[in-house]
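Presented below is the structure to which this report refers.
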Amino acid sequence: MAKSALLKSSLAKKYWMAFTGLFLCLFLVGHLFGNLQLLLPVSEMAKDQFNEYALFMTTNPAVKVLSYVTYISIIFHAIDGLLLTIHNRKARPQGYVNFKPSTNSKWSSRNMGILGTVILAFIVIHMSMFWAEMKFGGLDDTLYTTANGEEVKDLYTLTIKTFQDAQYGLLWAIAYGVAMLAIGFHLSHGFASGFQSLGVNHPKYNGFIRKTGYAFAVLVPLAFAVIPFYIHFVLEKI
C-alpha cells in the first residue's frame, strides 16, 4: 500500500481518499443537475431557476459545509498526488531497460497526481470566475428580483456571457472541456479504487463496480463538457 506524502498513516490516507473521493462523485452529480439548467432556452424562468439554485448553493448552511469539505478534499487529493508522483519518479530506476509500467497499470492510475493538479487548477479558475463573483464580486449592479420575490445576483447572465464571449468564449469552453477530460480519467481509476479501499472487493461485485465507474467517468464529465459548447454555439445570444 502506498504511503501518503501528507499523512504518516497509509491506512488514514486510504480511508480519507476513499470517503472524500466517493463523496465528490455525489457532489458532481448534484452540481451537474444544477448546471444542466443552463441548457434551457434563454428566458426569465431559466434565469430565475439557475440563480435561485446558485443562491441556494452559496447560502444554505448544510450545502456550504459539504462544499468546503469537498474543496479541502480535492486540494488534499491534488497536492498529495503530485508529491507522490514526484517521489515515485525520483525513486524509479531510470536505467532499468525492462521497466514498462504500461503493461502493469493504466495511464490514469500512473498519472493521478498530474490529473489531480490539472483539476485543482481548474477549480481555482472556476471558483474565481463564478463562485468568487457570486460571493464577493461586482455583480451587485445586476441584482434583480426573481419570480419568488428574492433579490439575487445574476450569475446566470455572467455564465452565459462568459461562454458566448466573441473573443474568449470558445477558449473558455475548450479549457472547460480539457478539465472535464482530466476529471474523467481521474474518475476512471478513482471510482472503483474508492470502493476497493473501503473493503468492497468481492468477485461478485467487482465487475459491476468497475463498469459503473467507467460509465460514471464518461457520462458525468461529458455532460458537464457539453454545457459550455452548447452555450457558445447553440444557445440564443444574450
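When you read off a place in the sequence shown, starting at 1, and then add 449, the result is the number in our numbering.
Using N, Cα and C, we set each Cβ at its ideal position, and we do this for glycine too.
Because the structure is a prediction, the values reported are computed rather than measured.
Three-state secondary structure assigned by DSSP to Glu685:
In the structure shown, the three-state DSSP call for Glu685 is coil.
Extent of the continuous alpha helix (DSSP H) run through Leu621: In the sequence as displayed, the identity of residue 621 is Trp instead of Leu. Counting along the chain, the alpha helix (DSSP H) containing Trp621 begins and ends at 618-646.
### Query
If you follow the alpha helix (DSSP H) that Gln498 is part of, which residue opens it and which one closes it?
493-508
(message) By the three-class DSSP mapping on this structure, what secondary structure does Thr595 have?
(response) coil
Quiz item: Do the stretch 497-512 and the stretch 604-624 meet, that is, are 3 or more Cβ pairs less than 8 Å apart?
Solution: Touching, yes.
Exercise. In this structure, does DSSP put Val649 in helix, strand or coil?
Worked result: coil
According to DSSP, what are the bridge partners of Glu582?
The partner list for Glu582 (beta bridge, DSSP) is empty, contrary to what the question assumes.
Burial state of Phe657 (16 or more Cβ within 10 Å):
exposed
- Message: Residues in the same chain with beta-carbon distance under 8 Å from Ala672, minus the five sequence neighbours each way, listed in chain order, please.
- Response: Within the same chain, Cβ atoms closer than 8 Å to the Cβ of Ala672 are found at Leu481, Leu485, the five residues on either side in sequence being excluded.
If you count every other CB in all the chains shown that lies within 10 Å of the CB of Lys496, and 16 or more means buried, which is it? buried
* Asked: Around the Cβ of Thr611, are there at least 16 other Cβ atoms within 10 angstroms (buried) or fewer (exposed)?
  -> buried
Practice item. May I ask which residues mark the beginning and end of the alpha helix (DSSP H) holding Leu604? Key: From DSSP, the alpha helix (DSSP H) with Leu604 extends over 604-613.
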